[in-house]
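As structure tokens, the structure follows; a few thoughts come after it.
Number of protein chains: 4
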Amino acid sequence: MTDFTETQSSWLSAEDMETARGRLPIVYVNAVPVRTDEAGVVTHVGLLLRIGPDGAANREIVAGRVLYGERVRDALLRHLEKDLGPLALPRIPSSPQPFTVIEYFPNPDISGFYDPRQHAVGLGYVVPVEGDCEPSQDALDLVWLSPDEVVSPTVAAELSPGHEKVVRRALAHTGCLP
Amino acid sequence: MTDFTETQSSWLSAEDMETARGRLPIVYVNAVPVRTDEAGVVTHVGLLLRIGPDGAANREIVAGRVLYGERVRDALLRHLEKDLGPLALPRIPSSPQPFTVIEYFPNPDISGFYDPRQHAVGLGYVVPVEGDCEPSQDALDLVWLSPDEVVSPTVAAELSPGHEKVVRRALAHTGCLP
Amino acid sequence: MTDFTETQSSWLSAEDMETARGRLPIVYVNAVPVRTDEAGVVTHVGLLLRIGPDGAANREIVAGRVLYGERVRDALLRHLEKDLGPLALPRIPSSPQPFTVIEYFPNPDISGFYDPRQHAVGLGYVVPVEGDCEPSQDALDLVWLSPDEVVSPTVAAELSPGHEKVVRRALAHTGCLP
Amino acid sequence: MTDFTETQSSWLSAEDMETARGRLPIVYVNAVPVRTDEAGVVTHVGLLLRIGPDGAANREIVAGRVLYGERVRDALLRHLEKDLGPLALPRIPSSPQPFTVIEYFPNPDISGFYDPRQHAVGLGYVVPVEGDCEPSQDALDLVWLSPDEVVSPTVAAELSPGHEKVVRRALAHTGCLP
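Protein chains in written order, with numbering that gives the first Met the number 0: chain U, 0 to 177; chain L, 0 to 177; chain H, 0 to 177; chain G, 0 to 177.
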């Protein structure tokens with residue numbers, strides 16, 4: 000998950016955040032942006048393209064930290080607008096019930112979801128996006144892929160292992176896992 | 000639930016439908032139309048006003064039968080457009096997972112939900128509606144009420160006992176039951 | 000889905016049921032029996048082995064019709080006890096919210112779930128089973144497979160295409176889709 | 000929420016925890032213990048009786064922090080066994096999907112859920128409990144109340160305002176909100 004930009008805007012210094020990350024689970028949102036047809040069927044999943052710390056290009060969903068004092072739904076809105084641009088028009092779900100909870104650990108054996116930096120508890124939401132999207136900030140590109148394409152071996156290999164599983168869970172939840 | 004208009008458009012004669020209603024559970028959608036703010040918070044619930052068979056005015060949510068060969072999401076779209084008008088722009092959920100299942104029985108003791116005509120299995124969905132709504136067909140009026148208003152004793156008494164409970168479950172699910 | 004035994008116990012003659020099946024969606028439960036550990040993690044999925052009408056052996060989950068006047072939870076209990084035996088001790092979920100809705104159509108193109116006999120609306124539940132199970136009635140065998148085994152190509156090919164997808168959705172919902 | 004006992008067992012000193020609580024959302028589980036009948040219907044809700052910091056007796060559900068490195072389901076098991084005793088036999092849900100997310104803020108206006116000490120993100124689960132329960136540690140008593148009793152004005156007034164709403168959401172989710 001990429002959220003180094005928020006660290007600066009929150010009330011924690013980088014050093015304090017580092018310390019907290021080694022001692023407390025950190026709350027995240029994991030949002031899977033989708034395009035749907037008139038009947039609500041998911042036609043496309045949106046994936047960001049980023050350059051990772053190792054220089055490799057990775058496809059990602061929208062993920063980021065919930066700040067102190069911030070509602071989960073406001074964190075969803077903030078991260079979606081930050082990553083997809085101000086005209087994306089994300090339809091934040093009316094219910095706080097996530098479709099899944101994803102637990103990332105520095106120890107990859109605990110849950111199968113790995114984050115070397117921290118223990119993150121990600122609340123997963125599928126978010127229909129209706130407006131014009133443009134990748135912003137540190138993302139190089141945004142692609143919209145069909146459910147079939149997104150689970151193809153080629154695309155799956157470009158997703159981080161964690162995000163690849165979140166996407167498949169999202170497709171299962173929306174009834175369109177091929 | 001009001002669906003006499005569909006009976007004519009389905010492939011069952013009124014008489015055959017009557018027979019089936021005495022022998023098989025009938026699949027329904029129960030849709031709670033809502034207005035939400037930018038962050039997805041429910042600000043208003045839409046209630047229809049109808050004249051019941053007994054001449055009394057009742058407030059109702061959108062409910063109707065799923066036809067043979069019809070997907071649940073298409074039934075949702077059809078009933079919402081029929082009751083709220085063609086410009087209502089309902090946002091049909093991307094997931095088929097309902098927030099609840101409501102079981103109406105001719106025997107009021109089985110589940111607390113009563114339908115003298117039939118055993119109906121209602122799939123409950125909260126549906127954000129973004130467009131211009133106008134009550135159509137047999138509805139006299141459509142009002143948008145805040146969560147506080149909708150659970151007030153006055154309004155609750157105007158809802159059918161079943162729909163009143165569905166609305167409260169929907170408010171609980173969306174985190175805004177007062 | 001196999002439910003010919005119920006037909007006899009319901010209030011519909013075989014002929015009337017045949018007629019209704021051509022005209023109305025039929026309500027089903029689709030139950031995925033699981034073994035869990037103390038922390039609720041799914042360790043095994045239970046699959047029945049049956050001989051289909053064509054003489055081929057098929058693996059199946061527990062599926063069957065909801066009868067007139069019967070609550071969904073009673074239908075779950077009845078089918079699980081019928082298929083897994085009277086000592087199975089299924090833990091019927093406390094919430095009526097299914098994890099998915101599966102729509103089977105005589106036309107395989109509508110939803111990707113195919114049932115040549117009928118339009119069935121299946122409410123999907125994951126049901127932990129704690130007791131001793133023995134396949135009963137028309138099932139030849141019951142096997143408990145790990146999530147990895149159940150999605151292996153060999154087992155997946157023995158499941159009906161519909162049930163295979165339901166099982167994967169159930170694994171995604173419980174957070175253990177490999 | 001009461002979790003001062005955990006503070007000692009985690010890797011944060013009381014002082015560091017105090018600092019973190021002023022800067023980061025803290026992950027909690029909110030578990031509503033229930034008794035169910037054979038068909039899964041909730042017959043009773045379990046409420047703990049505690050003496051609050053102000054000396055007043057309060058009824059509470061089971062709530063507590065998720066520790067660093069701990070899975071949500073292990074936190075559920077730990078808190079339920081701590082509060083209900085080692086023979087309670089809680090049936091931890093197989094799915095990580097909570098029925099709701101409850102957000103407590105030091106500012107009571109943000110969500111209506113108030114915690115003067117911290118911003119807590121509570122994952123809500125309904126947990127059937129099958130064994131013998133005995134209130135342990137700092138709880139004085141444990142009572143099992145019917146859904147009707149638990150929403151009665153007398154009992155509702157003894158619950159903290161936050162827990163009272165969580166219980167009503169849980170009853171709505173399980174289909175037994177009166």
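Using N, Cα and C, we set each Cβ at its ideal position, and we do this for glycine too.
Treat the numbers as computed from the prediction; the structure is a model and nothing was measured.
- Taking a Cβ-Cβ cut-off of 7 Å, the neighbours of G:R168 in chain L comprise A171, L176, given in sequence order.
- For the stretch 26-40 of chain G, the set of positions with a beta-carbon nearer than 8 Å to some beta-carbon of chain H reads V33, T35, E37, A38, G39, V40 in chain order.
- Per DSSP, L:R72 is one residue of the alpha helix (DSSP H) stretching across 71-83.
- Look at G:P85: its C-beta is not under 7 Å from any C-beta on chain H.
- Restricted to the stretch 35-62 of chain H, the beta strand (DSSP E) segments that are unbroken, complete and at least 3 residues in length are 41-50, 56-59, listed in chain order.
- H:P95 has a beta carbon lying within less than 7 Å of a beta carbon in chain G.
- With the rule of 3 Cβ pairs closer than 8 Å, the stretch 94-110 of chain L does not count as touching the stretch 135-153 of chain L.
- Judged by DSSP secondary structure, L:G123 falls within the beta strand (DSSP E) whose first and last residues are 119-127.
- Within chain L, no residue has its beta carbon less than 7 Å from that of U:V61; the closest one is some 15 Å off.
- Among the residues facing chain H, L:T99 is included, as its CB has a counterpart in that chain under 7 Å away.
- Any Cβ of chain H closer than 7 Å to the Cβ of L:V120 would place that residue at the interface, and such an atom is present.
- When DSSP states are grouped into helix, strand and coil, L:D140 belongs to the strand group.
- Annotation: the stretch 11-35 of chain H contains the following complete segments of the alpha helix (DSSP H) (minimum length 4 residues), in chain order: 13-20.
- Take the alpha-carbon of U:P107 and the one of H:A56: they are about 39 Å apart.
- Judged by beta-carbon spacing, G:A169 lies beyond the 7 Å limit of G:V120, meaning their Cβ atoms are not closer than that value.
- Distance from the Cα of G:E157 is smallest, within the candidate group G:N29, G:V41, G:R58, G:G51, for G:R58.
- In its chain, beyond the 5 residues on either side, R34, D36 have a beta carbon closer than 6 Å to the beta carbon of U:T42.
- Separation of G:P127 and G:P32 (C-alpha to C-alpha, rounded to the nearest whole angstrom) is 6 Å.
- Judged by beta-carbon spacing, G:A13 lies beyond the 7 Å limit of U:L23, meaning their Cβ atoms are not closer than that value.
- The Cβ neighbour count for L:G174, taken over all protein chains shown within 10 Å, is at least 16; the residue is labelled buried.
- Beta-bridge analysis with DSSP links H:T173 to no other residue.
- DSSP, reduced to helix, strand and coil, places H:V65 outside both helices and strands of the structure shown, so it counts as coil.
- In this structure, L:L141 lies away from L:L79, with their beta-carbon atoms at least 7 Å apart.
- In terms of beta-carbon proximity, H:D73 lines the interface with chain G, with at least one pair separated by less than 7 Å.
- With 16 or more other Cβ atoms from the protein chains shown falling within 10 Å of its own Cβ, U:I60 counts as buried.
- At least one beta carbon of chain L lies nearer than 7 Å to the beta carbon of H:E102.
- Contact check for G:V26 and G:I101: beta-carbon distance about 12 Å, past the 8 Å limit, so the pair fails to qualify.
- Under the DSSP assignment, H:V100 falls in the beta strand (DSSP E) whose first and last residues are 99-103.
- The beta-carbon of U:R77 is placed no less than 7 Å from the nearest beta-carbon of chain G.
- Excluding its 5 nearest sequence neighbours in each direction, U:L176 has C-beta neighbours in its own chain below 8 Å: P146, V150, R167, L170, listed in chain order.
- Around the Cβ of H:D53, a 10 Å sphere holds fewer than 16 other Cβ atoms; the residue is exposed.
- Rounded to whole angstroms, the gap between the alpha carbons of H:R64 and H:R70 is 11 Å.
- For L:E133, there is no enclosing alpha helix (DSSP H), as DSSP marks it with neither H nor E.
- Relative to the Cα of L:D114, the nearest Cα in the group L:A62, L:P92, L:I91 belongs to L:A62.
- Assignment of L:P146 by DSSP, reduced to helix, strand and coil, places it in the helix class.
- Nearest CB-CB separation between L:R116 and chain H: not below the 7 Å threshold.
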